[in-house]
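Participant: Protein chains in written order, with our numbering: chain A, 1 to 226; chain B, 1001 to 1193; chain C, 2001 to 2224.
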Amino acid sequence: MTGTAPSLPPPSAWQMYRSMVGVGLVCGLLVVTAFVGTAPIIRRNRAEALQRAVLQVLPGASSTRSFRLAEDGHLRPAGATATGDQLVHAAYDDRSRLIGVAVEAQGLGYQDVIRVLYGYAPARDAIVGLHVLDSRDTPGLGDRIETDPEFLRNFEHLDVALSDDGAELAHPIAPVKRGARTASWQVDTITGATISSTAVATMVSRSAAFWVPRIRRELAALEAPE
Amino acid sequence: MSPEPLWTVFVNAALVNNFVLALFLGLCPFLGVSGRLETAIRMGTAVTFVMIVSSAAALGIDRLLIALDATYLRLIAFIAVIASTVQLVEMFIKKVSPVLFRALGIYLPLITTNCAILALVLFQTTKGYGLVQSLVYALGAGTGFTLALVLMASLRERLELAALPDLTRGTALALTLAGLLSMAFMGFGGLGG
Amino acid sequence: MEQPIPPDPTDAPVPLGEEFRKGVWRQNPTFVQVLGMCPALAVSNSARNALAMGLATTFVLVASNVAVSSLRRFIPRQVRITTYVLIIASFVTIVDYLIQAISLDLHRALGAFISLIVVNCFILGRAEAFASTHGVVPSFFDGLGMGAGFCWALLSIGAVREILGSGTLFGVQLFHDGFQGATVMLLPSGGFFTMAGWVLLLNAVEQRRSRRAAAAPLAAEGAR
């Protein structure tokens, strides 16, 4: 680098390997230590965040348990820190009675994928709450799906009763123009955030069509004591 | 496999969530190389090519890491993949087309520090894209990057002859242009939804 | 013929305070060197995110500067860039896990840009240009200075965007309830415009200062 540097013999291949492997080992050690050290804290953070969201969409609940949809179509208890998309979260009140089940849904919004959590209460045959988990839509416009109280009120009682054979929803959830809501299975969209709000309605509709029949079938497993 | 259809993936990467104008990625080359139209096109092509190859390689490495349960090595592995890909692409182009190699010149090695490539492989991992989706995503991202670069270069070439205060020339002008382009691209929002 | 790493340069040692200060103003990474802009614009739509990103980057910068500086005699020149990138990537991974452990919310806000710190040109730049030829303590202060410069650059962009875009600063409401923020400030365009504004302002200040410095000797001579 400077003209006055004394010239040492060029490094041998061994020296280069040694330094790279040495540095690699030390770096690896640091990374693994950080990973192992923070992993339990991160798991706990995630479980707490999920718990908070579940309790928000199912009012009156005080504890949650996660269930996974197994290959045979039955719901089996999953660990408190399980992750994945075949998971639902059952919420219980302080007398361990099932209040409802929180389900995650996702779909393409205006800018990017939106993720929501909605609470289904089997006793009322309806969805009783919605919470937006992740949304990158335009601040002030698309992100009103998170804050607009009128929109969120749609989900305080959204009819998801099953058809007679119990295999699908009697009335699929349908997004309608603002103010045109006449039936309890319709969702008033937000003017000015039509695409985002319609997307939310659509993803909830799709998800409910899949999960509600299955949850109803497995009520016994959900209500069973731990 | 993500449920997104291929054309949505492409349009999203190229227009709606343009890597430069919407996601703020690849800004160093965007502001540095966009002075001339010709260099802009060359840089864009090189980046697109590297993106596609890195995308496929990163997908493979990621599957391996998941199998080995070593996902904490993801970042290091991806950086290594990108650096190697750039090196390989450079050698490949040199052998196959010396003319193209000379034309691209210094731009190839610079791509290694282009955050757009790393972001691409990170995003495709979190979105859970399969192989074909990843390749289309890379193609879309590269196309969007090239598009932004070309637009910027054309504008700057024109503005070189305009009467502007000296103070604004250079970075300030480039950034303002980028802001206006970004606003224009917001019009693509909702496409592919 | 490649030269291995030369020993410390024999020029006069620079006072540590100066090492720190140059990063903050004269060689500010964002406004002067125009490096590391991707995170500067992407996560600066609120002052809190901007500060968090600045601190995370400073951590990686200082750590990697110190690491590279302490290992500078053991790393052969041929493999130095690869080694630097390996070191930087490791610290970025560590910072990523640390942020997740501190606040998942913050991690979601900063997103992929934490991982993108590793390709932040000026971290590699400092390792190559400074840490590889200077001692550990000067490298530490160099990293701290550059990091501080980056932090204040990010904060200035983030604060303007947050104040004009949401009417808050660090989440604290500044204006009355009816304030309608300029949403464009929170969008990518706003980032570009804000940074353009700052660059323009700082250029103007610098131009005025150099004009005054050039005029001073003439005035002192009393010529004209």
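C-beta: ideal position from N, C-alpha, C; glycine also.
Listed from N- to C-terminal order along the chain, which residues in the region 1001-1022 of chain B have their beta-carbon within a distance smaller than 9 Å of any beta-carbon of chain A?
Facilitator: Going along the region 1001-1022 of chain B in chain order, one finds Ser-1002, Pro-1003, Glu-1004, Thr-1008, Asn-1012, Val-1016, Asn-1017 and Ala-1022 with a Cβ nearer than 9 Å to chain A.
Participant: Based on Cα-Cα distance, which residue from A:Val-132, A:Val-128 and A:Val-176 lies nearest to Glu-156 (chain A)?
Facilitator: Residue mapping note: residue 156 (chain A) aligns to position 156 of the first sequence, counting from 1. When each option's Cα is compared against that of Glu-156 (chain A), the closest is A:Val-128.
Participant: For the region 2160-2173 of chain C, which residues have a CB atom closer than 7 Å to at least one CB atom of chain A, in sequence order?
Facilitator: Answer set for the region 2160-2173 of chain C: empty.
Participant: Return the CA-CA distance between Trp-211 (chain A) and Leu-2201 (chain C), expressed in angstroms with no decimal places.
Facilitator: Here residue 211 (chain A) is taken as the residue at index 211 of the first sequence, counted from 1. Here residue 2201 (chain C) is taken as the residue at index 201 of the third sequence, counted from 1. Each residue's Cα considered, the two are about 57 Å apart.
Participant: Please report the Cβ distance between Ile-173 (chain A) and Val-132 (chain A), rounded to the nearest whole angstrom; I am assuming they are in contact, meaning their Cβ atoms lie under 8 Å.
Facilitator: Numbered from 1 along the first sequence, position 173 holds the residue referred to as residue 173 (chain A). Numbered from 1 along the first sequence, position 132 holds the residue referred to as residue 132 (chain A). At roughly 16 Å, the Cβ-Cβ gap does not stay under 8 Å, so Ile-173 (chain A) and Val-132 (chain A) are not in contact.
Participant: For Tyr-1137 (chain B), which residues in chain A fall below 7 Å Cβ to Cβ?
Facilitator: Taking the first residue of the second sequence as 1, we reach residue 1137 (chain B) at position 137. By Cβ distance, chain A contributes nothing, its closest Cβ being about 13 Å from Tyr-1137 (chain B), past 7 Å.
Participant: Kindly indicate if chain A contains any beta-carbon less than 7 Å away from that of Leu-2061 (chain C).
Facilitator: Within the third sequence, numbered from 1, the residue matching residue 2061 (chain C) stands at position 61. Taking Cβ atoms only, chain A never reaches closer than 7 Å to Leu-2061 (chain C), which makes this a no.
Participant: Report the residues of the region 36-68 of chain A with a CB closer than 7 Å to any CB of chain C, ordered along the chain.
Facilitator: Thr-38, Ile-41, Ile-42, Asn-45, Arg-46 and Ala-49
Participant: Within 10 angstroms of the Cβ of Thr-147 (chain A), are there 16 or more other Cβ atoms? Answer buried if so, exposed if not.
Facilitator: Residue 147 (chain A) sits at position 147 when you count from the first residue of the first sequence. Per the 10 Å Cβ criterion, exposed.
Participant: Looking only at DSSP bridge pairs, what is Ala-126 (chain A) linked to?
Facilitator: Taking the first residue of the first sequence as position 1, residue 126 (chain A) is located at position 126. In the DSSP output, where bridge partners are listed per residue, Ala-126 (chain A) has A:Ala-121 and A:Asp-159.
Participant: By DSSP's criteria, Tyr-2084 (chain C) is part of a beta bridge. Which residues make up the other side?
Facilitator: Against the third sequence, residue 2084 (chain C) aligns to sequence position 84. Per DSSP, none; premise fails for Tyr-2084 (chain C).
Participant: Put Ile-2099 (chain C) into one of helix, strand or coil per three-state DSSP.
Facilitator: Counted from its first residue, the third sequence places residue 2099 (chain C) at position 99. Ile-2099 (chain C): helix per DSSP, three-state reduction.
Participant: Please state the DSSP three-state secondary structure of Ser-2132 (chain C).
Facilitator: Numbered from 1 along the third sequence, position 132 holds the residue referred to as residue 2132 (chain C). Here Ser-2132 (chain C) sits in coil by DSSP.
Participant: Tell me the start and end of each unbroken alpha helix (DSSP H) in the region 1076-1133 of chain B that is at least 4 residues and wholly inside, in chain order.
Facilitator: 1098-1104, 1107-1110 and 1115-1127
Participant: Please list, in chain order, the chain C residues whose beta carbon lies closer than 8 Å to that of Val-21 (chain A).
Facilitator: By 1-based counting over the first sequence, the position of residue 21 (chain A) is 21. Under the 8 Å cutoff, chain C gives no residues; its nearest Cβ is about 11 Å from Val-21 (chain A).
Participant: Using C-beta distances below 6 Å, list every residue in its chain close to Arg-124 (chain A), excluding the 5 sequence neighbours before and after it, in chain order.
Facilitator: The count along the first sequence starts at 1 and reaches residue 124 (chain A) at position 124. Taken in chain order, the list of residues that qualify is empty.
Participant: Between which two residues does the alpha helix (DSSP H) carrying Gln-51 (chain A) extend?
Facilitator: In the first sequence, residue 51 (chain A) corresponds to position 51, counting from 1. From DSSP, the alpha helix (DSSP H) with Gln-51 (chain A) extends over 13-57.
Participant: Hey, Ala-1046 (chain B) and Leu-1120 (chain B): beta-carbon distance below 7 Å or not?
Facilitator: Locating residue 1046 (chain B) in the second sequence gives position 46, counting from the first residue. Locating residue 1120 (chain B) in the second sequence gives position 120, counting from the first residue. Not in contact: Ala-1046 (chain B) and Leu-1120 (chain B) (Cβ atoms no closer than 7 Å).
Participant: In the DSSP assignment, find the alpha helix (DSSP H) that holds Phe-67 (chain A) and state where it starts and stops.
Facilitator: For the purposes of this step, residue 67 (chain A) is taken as residue 67 along the first sequence, with counting starting at 1. Not the alpha helix (DSSP H): Phe-67 (chain A) falls in the beta strand (DSSP E), residues 63-69.
Participant: According to the Cβ coordinates, are Val-1020 (chain B) and Phe-1030 (chain B) closer than 7 Å?
Facilitator: Residue numbering aside, residue 1020 (chain B) sits at position 20 when the second sequence is read from its first letter. Residue numbering aside, residue 1030 (chain B) sits at position 30 when the second sequence is read from its first letter. A contact, by the Cβ cut-off of 7 Å.
Participant: Could you name the residues of chain B that Leu-2200 (chain C) contacts, counting a contact when the two beta carbons are closer than 8 Å?
Facilitator: Translated into positions along the third sequence, residue 2200 (chain C) becomes position 200. Chain B residues near Leu-2200 (chain C): Leu-1167, Thr-1168 and Ala-1172.
Participant: Where does Gly-100 (chain A) fall in DSSP's three states?
Facilitator: For the purposes of this step, residue 100 (chain A) is taken as the residue at position 100 of the first sequence. Strand, per DSSP.
Participant: Evaluate Tyr-1072 (chain B) with the Cβ neighbour count: other Cβ atoms within 10 Å of its Cβ, from every protein chain shown; 16 or more gives buried, anything less gives exposed.
Facilitator: Residue mapping note: residue 1072 (chain B) aligns to position 72 of the second sequence, counting from 1. Looking at its Cβ environment, which holds 16 or more other Cβ atoms inside 10 Å, Tyr-1072 (chain B) is buried.
Participant: Check whether the Cβ atoms of Ala-2131 (chain C) and Ser-2044 (chain C) lie closer than 7 Å to each other.
Facilitator: For the purposes of this step, residue 2131 (chain C) is taken as residue 131 along the third sequence, with counting starting at 1. For the purposes of this step, residue 2044 (chain C) is taken as residue 44 along the third sequence, with counting starting at 1. No; because the gap between Cβ atoms is not below 7 Å, this pair is not in contact.
Participant: Excluding the 5 residues preceding and the 5 following Ser-1182 (chain B) in the sequence, name in chain order all residues of the same chain whose CB lies nearer than 6 Å to its CB.
Facilitator: In the second sequence, residue 1182 (chain B) corresponds to position 182, counting from 1. If we look at Ser-1182 (chain B) and ignore the five residues flanking it on each side, its Cβ neighbours are Leu-1021.
Participant: Output yes if chain C places a C-beta closer than 7 Å to the C-beta of Gln-15 (chain A); else output no.
Facilitator: Working through the first sequence from its first residue, we reach residue 15 (chain A) at position 15. Gln-15 (chain A) counts as touching chain C.
Participant: Is Ala-983 (chain B) close to chain C? Criterion is C-beta to C-beta, closer than 7 Å.
Facilitator: With chain B covering 1001 to 1193 only, the question about residue 983 (chain B) has no answer from this structure.
Participant: Which partner residues of Thr-2183 (chain C) appear in the DSSP bridge assignment?
Facilitator: As a working mapping, residue 2183 (chain C) is identified with position 183 in the third sequence. DSSP, once it has assigned bridges, lists no residue as partnering Thr-2183 (chain C).
Participant: State yes or no: is the beta carbon of Val-31 (chain A) nearer than 7 Å to at least one beta carbon in chain B?
Facilitator: Against the first sequence, residue 31 (chain A) aligns to sequence position 31. Answer yes: the Cβ-Cβ gap between Val-31 (chain A) and chain B drops below 7 Å somewhere.
Participant: So with CB distances below 8 Å, who are the chain C contacts of Ala-289 (chain A)?
Facilitator: Residue 289 (chain A) lies beyond the range of chain A shown here (1 to 226); nothing can be said about it.
Participant: From Ser-2166 (chain C) to Thr-2133 (chain C), what does the alpha carbon distance come to, in whole angstroms?
Facilitator: Here residue 2166 (chain C) refers to the residue found at position 166 of the third sequence. Here residue 2133 (chain C) refers to the residue found at position 133 of the third sequence. Note on geometry: alpha-carbon atoms of Ser-2166 (chain C) and Thr-2133 (chain C) lie some 45 Å from one another.
Participant: Have a look at Cys-2038 (chain C) and Ser-62 (chain A) and give me their C-alpha separation to the nearest angstrom.
Facilitator: Within the third sequence, residue 2038 (chain C) is the residue found at index 38, counting from 1. Within the first sequence, residue 62 (chain A) is the residue found at index 62, counting from 1. Spanning the two alpha carbons is a distance of roughly 43 Å.
Participant: How many angstroms separate the CA atom of Val-2160 (chain C) from the CA atom of Pro-2188 (chain C)?
Facilitator: Numbered from its first residue, the third sequence carries residue 2160 (chain C) at position 160. Numbered from its first residue, the third sequence carries residue 2188 (chain C) at position 188. As the crow flies, the alpha-carbon of Val-2160 (chain C) is around 14 Å from that of Pro-2188 (chain C).
Participant: Any idea if Ser-12 (chain A) is buried or exposed, counting beta-carbon neighbours within 10 angstroms, 16 or more meaning buried?
Facilitator: For the purposes of this step, residue 12 (chain A) is identified with residue 12 of the first sequence, where counting begins at 1. Exposed, since its Cβ has fewer than 16 Cβ neighbours within 10 Å.
Participant: Compare the Cα-Cα distances from Gly-2143 (chain C) to each of C:Ile-2088, C:Ala-2040, C:Ala-2101 and C:Met-2185 and report the closest residue.
Facilitator: Position 143 of the third sequence holds residue 2143 (chain C). Considering only alpha carbons, the answer is C:Ile-2088.
Participant: One question on the structure: do Val-1093 (chain B) and Val-1050 (chain B) come within less than 7 Å of each other, judged by their Cβ atoms?
Facilitator: One-based indexing of the second sequence puts residue 1093 (chain B) at position 93. One-based indexing of the second sequence puts residue 1050 (chain B) at position 50. The displayed chain sequence assigns Ile, not Val, to residue 1093 (chain B). Contact flag unset, no.
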